[in-house]
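All remarks here apply to the structure that follows.
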Amino acid sequence: DPGSILALPSQCILLVLVQLGGIGIMAATTTLFLLAGHRLRVRDRLFLAGGLGVDTPQGTVRLLRVVLLFTLSFEAAGSLILFLSFVFSGVPIATALYQAIFHAVSAFCNAGFSMYSTNLEAFSTSFVVPGVVMLLIIFGWIGFPVVMELWDSARGRVRFFTAYTKIVLYSTVFLIAGGACLIVLTEWNHGFANLPPWARLWNGLFGSVTARTAGFAMVHYAEWSPGGLMVTTW
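91 is the number of the first residue of the sequence shown in the working numbering; add one for each residue after it.
As structure tokens, then:
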């Protein structure tokens with residue numbers, strides 16, 4: 091429960107570590123190296139290429155910039171929507187901004203830390219916050235190469251997806267849909283029993299998405315049935 095147990099400096103340290111883990115330690119340290127005005131040697135570019143998942147060091151610095159822009163753009167968009175949602179729900183502006191940034195980074199990096207002592211249980215019957223969190227989790231886990239290929243396809247620059255992108259997309263849809271159906275079936279009269287029917291479906295989808303490793307929860311896992319917990323661990 092970092093929101094109530096950790097002091098603000100510790101929360102900021104946690105957030106920085108989550109962000110560094112999300113973009114990759116090697117990419118983060120290389121960014122600091124470049125910001126300090128240093129040039130990368132060939133060996134440095136080879137290490138960076140390996141960390142970014144490419145075969146050659148050519149264009150690694152440019153690719154690094156694009157990856158950072160991709161990460162920060164998604165987190166900024168998520169933070170903005172969460173901020174507006176928190177403000178409209180009565181949270182003070184400064185607190186809403188901080189919480190929005192924290193949750194956006196935590197979701198995109200699949201960390202699952204929340205500023206609320208009950209995680210996201212207060213939003214079990216709302217759409218905006220869980221919806222934004224789910225989208226950030228999904229785009230964070232499918233990764234930069236797949237998102238860029240989807241973007242290029244939308245702009246008409248590519249006609250066919252690579253085998254890697256197809257595998258990621260098909261497996262993502264299968265795992266989310268299959269997991270949501272199983273969670274709804276196991277928790278309809280257990281963990282979700284106190285929710286309206288539409289919210290049970292919504293929470294089932296959220297439970298399936300966050301099981302990817304994100305770790306958020308809108309219904310406390312202590313209320314789940316053994317079957318639902320088993321589906322989650324799968």
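Every residue gets a Cβ at the ideal spot worked out from N, C-alpha and C, and that includes glycine.
Worksheet item: Would you report the Cα separation of Glu211 and Glu313, rounded to the nearest angstrom?
Response: Numbered from 1 along the sequence shown, position 121 holds the residue referred to as residue 211. Numbered from 1 along the sequence shown, position 223 holds the residue referred to as residue 313. Going from the Cα of Glu211 to the Cα of Glu313 covers about 12 Å.
Practice prompt. Report the residue from Gly297, His310, Leu159 and Ala307 whose alpha carbon sits nearest the alpha carbon of Trp324.
Written response: The count along the sequence shown starts at 1 and reaches residue 324 at position 234. Comparing Cα-Cα distances from Trp324 to each of Gly297, His310, Leu159 and Ala307, the minimum goes to Gly297.
Worksheet item: Under 8 Å, do Ala197 and Gly168 count as touching if we go by C-beta distance?
Response: In the sequence shown, counting from the first residue as 1, residue 197 sits at position 107. In the sequence shown, counting from the first residue as 1, residue 168 sits at position 78. Their beta carbons are under 8 Å apart, which means Ala197 touches Gly168 by this criterion.
Worksheet item: Are there 16 or more other CB atoms within 10 angstroms of the CB of Ala361, so buried, or fewer, so exposed?
Response: Residue 361 is absent from the model: the chain starts at 91 and stops at 324.
Practice prompt. Compute the Euclidean distance between the alpha carbons of Asp242 and Ala283, then round it to the nearest angstrom.
Written response: Position 152 of the sequence shown holds residue 242. Position 193 of the sequence shown holds residue 283. Answer to the nearest angstrom: the Cα atoms are 43 Å apart.
Item to complete: Assign Pro147 to buried or exposed, taking buried as 16 or more other Cβ atoms, counted over all protein chains shown, within 10 Å of its Cβ.
Response: As a first step, residue 147 must be located in the sequence shown, where it is residue number 57. For Pro147, the predicted structure reports a pLDDT of 48, less than 50, and the residue's modelled location is therefore unreliable. The matter cannot be settled from this model.
Worksheet item: By the 10 Å Cβ neighbour count, where 16 or more other Cβ atoms means buried, how is Leu226 classified, buried or exposed?
Response: As a first step, residue 226 must be located in the sequence shown, where it is residue number 136. With 16 or more Cβ atoms within 10 Å of its Cβ, Leu226 is classed as buried.
Worksheet item: From Leu170 to Ala190, what does the alpha carbon distance come to, in whole angstroms?
Response: Taking the first residue of the sequence shown as position 1, residue 170 is located at position 80. Taking the first residue of the sequence shown as position 1, residue 190 is located at position 100. Distance between the alpha carbons of Leu170 and Ala190: 7 Å.
Discussion item. Please state the DSSP three-state secondary structure of Cys199.
Written reply: Along the sequence shown, read from residue 1 onward, the residue named residue 199 stands at position 109. Cys199 falls in the coil class under three-state DSSP.
Worksheet item: Straight-line CA distance for Asn209 to Asp91?
Response: On the sequence shown, residue 209 is found 119 positions in, with the first residue counted as 1. On the sequence shown, residue 91 is found 1 positions in, with the first residue counted as 1. Roughly 8 Å between the two C-alpha positions.
Worksheet item: What is the rounded straight-line gap between the Cα of Glu239 and the Cα of Leu285?
Response: Counting from 1 along the sequence shown, the entry for residue 239 is found at position 149. Counting from 1 along the sequence shown, the entry for residue 285 is found at position 195. Taking the straight line from one Cα to the other gives about 38 Å.
Fill in: CB of Gly305 within 8 Å of CB of Ala270, strictly
By 1-based counting over the sequence shown, the position of residue 305 is 215. By 1-based counting over the sequence shown, the position of residue 270 is 180. Result no, Cβ atoms of Gly305 and Ala270 do not sit closer than 8 Å.
Discussion item. Which of the three DSSP states is assigned to Gly297 in this structure?
Written reply: Working through the sequence shown from its first residue, we reach residue 297 at position 207. Note: Gly297 maps to helix in three-state DSSP.
Worksheet item: In whole angstroms, what is the alpha-carbon distance linking Gln109 and Val299?
Response: Along the sequence shown, read from residue 1 onward, the residue named residue 109 stands at position 19. Along the sequence shown, read from residue 1 onward, the residue named residue 299 stands at position 209. If you take the alpha carbons of Gln109 and Val299, they lie about 20 Å apart.
Worksheet item: Smallest Cα separation from Phe234: which of Val248, Thr255 and Phe176?
Response: In the sequence shown, counting from the first residue as 1, residue 234 sits at position 144. Selected option, being the one with the closest Cα: Thr255.
Item to complete: Can you tell me the Cβ-Cβ gap for Ile113 and Thr161, rounded? I've got them flagged as a contact below 8 Å.
Response: To locate residue 113, count along the sequence shown from 1; it is residue 23. To locate residue 161, count along the sequence shown from 1; it is residue 71. Their Cβ separation, rounded to whole angstroms, is 5 Å, which keeps Ile113 and Thr161 in contact under 8 Å.
Discussion item. How far does the alpha helix (DSSP H) with Phe264 in it extend, from its first residue to its last?
Written reply: Against the sequence shown, residue 264 aligns to sequence position 174. From DSSP, the alpha helix (DSSP H) with Phe264 extends over Ala253 to Glu277.
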